[in-house]
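First up is the structure itself, then whatever we jot down about it.
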Amino acid sequence: MEPFKKYIGTIEYDANFYGVLVAIIAVLITIAIFWFIRRKSVSRRNVLITGLSDSGKTLLFSRLISSKNVVTYTSMKENIAVYRVDKKRTVTLVDIPGNDRLRDKYLEQFLLLARGIVFVVDSFNFQKEIRDVAGFLFRLLQEPIIHTNKVPLLIACNKQDHAVSKSAKVIQSQLEKEINTLRITQTGRLASISDSGDKMFVGHKGKDFQFSDLKTVKIEFVECSALESEGGVADLLKTWLIKIA
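Note that the sequence shown covers residues 40 to 284 in my numbering.
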């Protein structure tokens, strides 16, 4: 009788063990399926086109979508269109309004699912707008989600059809100096308060800012003109979109 009881006890133990094991496996499978579905649902396919008002964002957007020059006005809402990169891949182009208040609202809405960002700079009026351009770019680079998702950034130095427009090299150098000044000013201001928020420190501490210091965000500068047809901005952007899609 005693061996029989031991046998029954062993069966009950095995049944309990395998029951727990099956339950654990079921939970793991459920988590895996949920993760897969969630990942599919939050696929980052947005390519944001942003910059100051009148930098040429909407014309650039139209160039990509229809290959035409169109009369544009200051955007008060986003423009969205699906763009086919190749036979298998598409991205969603989102033209973000340049208006300060609207810009922040739409960036907050679309940034989470950004696959890439095109930051358009008016090369012709750059010297007059350098502080605003640098300030906007600096705030953008402080966003943790850009670094977490390693979102590539293309800085499109537009309006190169003007003879006196600044070159991409000059724009890059002056932006680095201006962002360095902004960073120093902000660091000094934050030192006097307890809460610095959730913004990233841009670049390396104790070193003047350079775009090459941003290891998690690949930044490229290109010269372009949204008005040009052959070999213009559309071709440059298509090449870049193929790389990041």
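For every residue, glycine included, the Cβ atom is placed at its ideal position computed from N, Cα and C.
Bear in mind that the values here come from a model prediction, so they are computed numbers and not experimental data.
8 Å Cβ cutoff met for residue i and residue j
i      : j      : result
Val159 : Asn118 : no
Val241 : Leu193 : no
Leu87  : Phe149 : yes
Leu179 : Asn85  : no
Val261 : Leu99  : no
Asp134 : Thr97  : yes
Ser162 : Ser212 : no
Pro136 : Lys167 : no
Arg102 : Ala265 : yes
Leu214 : Val172 : yes
DSSP-derived helix/strand/coil call for residue i
i      : result
Asp161 : strand
Asn197 : strand
Leu280 : helix
Ala202 : coil
Arg77  : Note that Arg77 scores a pLDDT of 41, beneath 50, so its modelled location is shaky; the value from the coordinates is reported in the next line. It is helical.
Leu253 : coil
Val241 : coil
Phe175 : helix
Asn219 : helix
Gln181 : coil
Glu168 : helix
Phe37  : Nothing about residue 37 can be read from this structure; the chain reaches only from 40 to 284.
Val190 : coil
Lys246 : coil
Distance between residue j and residue i (C-alpha atoms, nearest Å)
i      : j      : result
Ile185 : His201 : 32 Å
Thr346 : Glu217 : Examination of residue 346 is not possible in this model, given that the chain is present from 40 through 284 alone.
Gly155 : Val190 : 5 Å
Ala195 : Leu221 : 22 Å
Ile283 : Phe248 : 25 Å
Gln199 : Arg128 : 30 Å
Cys263 : His243 : 30 Å
Leu276 : Lys246 : 32 Å
Gly90  : Tyr145 : 12 Å
Lys288 : Lys126 : This structure cannot speak to residue 288, because the chain is shown only from 40 to 284.
Asp274 : Pro183 : 30 Å
Glu267 : Ile64  : 59 Å
Asn138 : Ser92  : 6 Å
Glu259 : Leu280 : 12 Å
Thr278 : Val124 : 9 Å
Phe175 : Tyr122 : 26 Å
The ligand FAD heavy atom lying under 7 Å from the CB of residue i
i      : result
Leu253 : Ligands in the displayed structure: none, and consequently the ligand FAD is not present.
Beta carbon proximity, residue i to chain D, threshold 8 Å
i      : result
Gln213 : The chain labelled as chain D is not found in the depicted structure, where only one protein chain is given.
Strand pairing of residue i, partner residues [DSSP]
i      : result
Glu262 : Cys196
Gly155 : Val86
*Counting only runs of 4+ residues fully inside the segment 81 to 146, write out the alpha helix (DSSP H) ranges in chain order.*
96 to 105
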